[in-house]
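These notes concern the structure reproduced below.
Numbering (the working numbering), first residue to last: 13 to 281.
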């Protein structure tokens, strides 16, 4: 573990009630950082954090919260909130499913970074968005998830150029499998409206994720690696799990060679 942050360090984490967000919150707290933890429900958040019940889709609420901390430099902002792949794909996903994924996975993340950017500039901090290796891969299933993560990556690439000389480092965190509850969409009210439209056909991505989660890296261990990596100078394209590199390379080789999409996400390229 790296040295604790200065006692005045302020960090912001969205999606802080579970999974990677909760683990990041706890790791930051353990290193002496003050954490503003944001999620729709504070019940599962770490009580040591400044817990805020807020949906990242609530633009007014998110703006008011950032303004509440005006003048406070931030060492880290983790735009981490996101919803996972649902058992539907491009043609079977409804407009509501696409909009839900877009509003949370893309607009929610960009809104978080935009509103807290003055704090990051003041603290010469680190802006980190949780994407997925799925942003750089192609596979059947989880169309809205993969497409929105790819869109967020494209936007972050633009932010990388725009932020030159700002003092803020921007990082697209693209993990592979981390043991979380991201696939449990039943916990969201929005999922009830989508259930009647979901396909009953086998979903290869969902089956792969369910199996892989059994041996995936625990979120707590992953969060420690993330903070250590940031302290050591993490890259922009941050592929944290080596097994995903072959799939990413295979997908891009297929593009350059004019072949059909590379979709063997369960085996080396």
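Beta carbons are placed, not taken as given, at the ideal position from N, Cα and C, and that holds for glycine.
*asked:* Determine whether the beta carbon atoms of residue 185 and residue 256 lie at a separation below 8 Å.
replied: In the chain shown, residue 185 corresponds to position 173, counting from 1. In the chain shown, residue 256 corresponds to position 244, counting from 1. Residue 185 places its beta carbon 8 Å or farther from that of residue 256.
*In angstroms with no decimal places, state the Cα-to-Cα distance between residue 37 and residue 140.*
Counting from 1 along the chain shown, the entry for residue 37 is found at position 25. Counting from 1 along the chain shown, the entry for residue 140 is found at position 128. Cα to Cα, residue 37 sits roughly 13 Å from residue 140.
_Is it buried or exposed, residue 102, if we count other Cβ atoms within 10 angstroms and call 16 or more buried?_
On the chain shown, residue 102 is found 90 positions in, with the first residue counted as 1. Under this definition residue 102 is an exposed residue.
_Report the CB separation of residue 87 from residue 178 in whole angstroms; it is logged as a contact under 8 Å._
Reading the chain shown from its first residue, position 75 is the one you call residue 87. Reading the chain shown from its first residue, position 166 is the one you call residue 178. That belief does not hold up - the Cβ atoms of residue 87 and residue 178 are roughly 15 Å apart, past 8 Å.
*Inter-residue Cα distance where the pair is residue 25 and residue 108*: The sequence position of residue 25 within the chain shown is 13, counting from 1. The sequence position of residue 108 within the chain shown is 96, counting from 1. When rounded, the distance between both Cα atoms is 26 Å.
*Beta-carbon gap between residue 31 and residue 231 smaller than 8 Å*: The residue you call residue 31 lines up with position 19 of the chain shown. The residue you call residue 231 lines up with position 219 of the chain shown. For residue 31 and residue 231, yes; Cβs fall inside 8 Å.
*beta strand (DSSP E) containing residue 51: first to last residue?*
One-based indexing of the chain shown puts residue 51 at position 39. Start and end: 46–51.
*Over what stretch of residues does the alpha helix (DSSP H) that includes residue 63 continue unbroken?*
What you label residue 63 is simply residue 51 of the chain shown in a count that begins at 1. Note, residue 63: premise wrong, no alpha helix (DSSP H); beta strand (DSSP E) at 62–65.
_Pairwise C-alpha distance: residue 81 and residue 123_ = Here residue 123 refers to the residue found at position 111 when the chain shown is read from its first residue. Here residue 81 refers to the residue found at position 69 when the chain shown is read from its first residue. Each residue's alpha carbon lies about 16 Å from the other.
_Going by DSSP, what residue range makes up the beta strand (DSSP E) through residue 90?_
If you number the chain shown from 1, residue 90 lands on position 78. 88–91 is the extent of the beta strand (DSSP E) around residue 90.
*At what residues does the alpha helix (DSSP H) containing residue 71 begin and finish?*
Your numbering for residue 71 matches position 59 in the chain shown. Looking at the DSSP string, the run of the alpha helix (DSSP H) that includes residue 71 is 71–80.
_Tell me which residues share the same chain as residue 272 and place their Cβ nearer than 8 Å to its Cβ, disregarding the 5 neighbours each side in the sequence._
As a first step, residue 272 must be located in the chain shown, where it is residue number 260. So the list reads 266, once near-sequence residues are dropped.
_Span of the beta strand (DSSP E), counted from its first residue to its last, around residue 185_ = For the purposes of this step, residue 185 is taken as the residue at position 173 of the chain shown. Run containing residue 185: 181–185, per the beta strand (DSSP E) assignment.
*asked:* Tell me which residue opens and which closes the beta strand (DSSP E) that residue 22 is part of.
replied: The residue given as residue 22 occupies position 10 in the chain shown. Run containing residue 22: 22–26, per the beta strand (DSSP E) assignment.
*How is residue 118 classed by DSSP in three states: helix, strand or coil?*
Residue 118 sits at position 106 when you count from the first residue of the chain shown. Helix, per DSSP.
*Give the DSSP-derived three-state secondary structure of residue 138 in the structure shown.*
Your numbering for residue 138 matches position 126 in the chain shown. Residue 138 falls in the strand class under three-state DSSP.
*Measuring CB to CB, does residue 54 end up less than 8 Å from residue 65?*
If you number the chain shown from 1, residue 54 lands on position 42. If you number the chain shown from 1, residue 65 lands on position 53. Cβ distance < 8 Å, so residue 54 and residue 65 count as in contact.
*Proximal residues to residue 115 (C-beta, below 6 Å), its chain only, five neighbours per side dropped*: Translated into positions along the chain shown, residue 115 becomes position 103. The answer, listed in chain order, is 69.
*Would you say residue 190 and residue 229 are within 8 Å of each other, going by their C-beta atoms?*
Looking up residue 190 in the chain shown gives position 178. Looking up residue 229 in the chain shown gives position 217. In this structure, residue 229 lies closer than 8 Å to residue 190 by Cβ.
_Helix, strand or coil for residue 191? Go by DSSP, reduced to three states._
By one-based count along the chain shown, residue 191 stands at place 179. Looking at residue 191 - three-state DSSP - the assignment turns out to be strand.
*Indicate the three-state DSSP secondary structure (helix, strand or coil) for residue 230 in the structure shown.*
Counting from 1 along the chain shown, the entry for residue 230 is found at position 218. Three-state DSSP puts residue 230 in a strand.
*Three CB pairs or more closer than 8 Å across the segment 148–161 and the segment 126–138*: no
*What residues in its chain sit with their C-beta under 8 Å from that of residue 145, if we drop five residues either side in the sequence?*
Counted from its first residue, the chain shown places residue 145 at position 133. Contacts found: 186, 187, 188, 251, 253, 256, 259 and 260.
*Considering only the beta carbon of each residue, do residue 127 and residue 162 sit closer than 8 Å?*
Sequence index remark: in the chain shown, residue 127 carries index 115 (1-based). Sequence index remark: in the chain shown, residue 162 carries index 150 (1-based). Result no, Cβ atoms of residue 127 and residue 162 do not sit closer than 8 Å.
*How would you label residue 227, buried or exposed, when you count the other beta carbons within 10 angstroms and need 16 or more for buried?*
Sequence index remark: in the chain shown, residue 227 carries index 215 (1-based). Flag for residue 227 reads exposed.
*If you drop the 5 nearest sequence neighbours on each side, which residues of the same chain put their C-beta closer than 6 Å to that of residue 246?*
Your numbering for residue 246 matches position 234 in the chain shown. Answer for residue 246: 183, listed in chain order.
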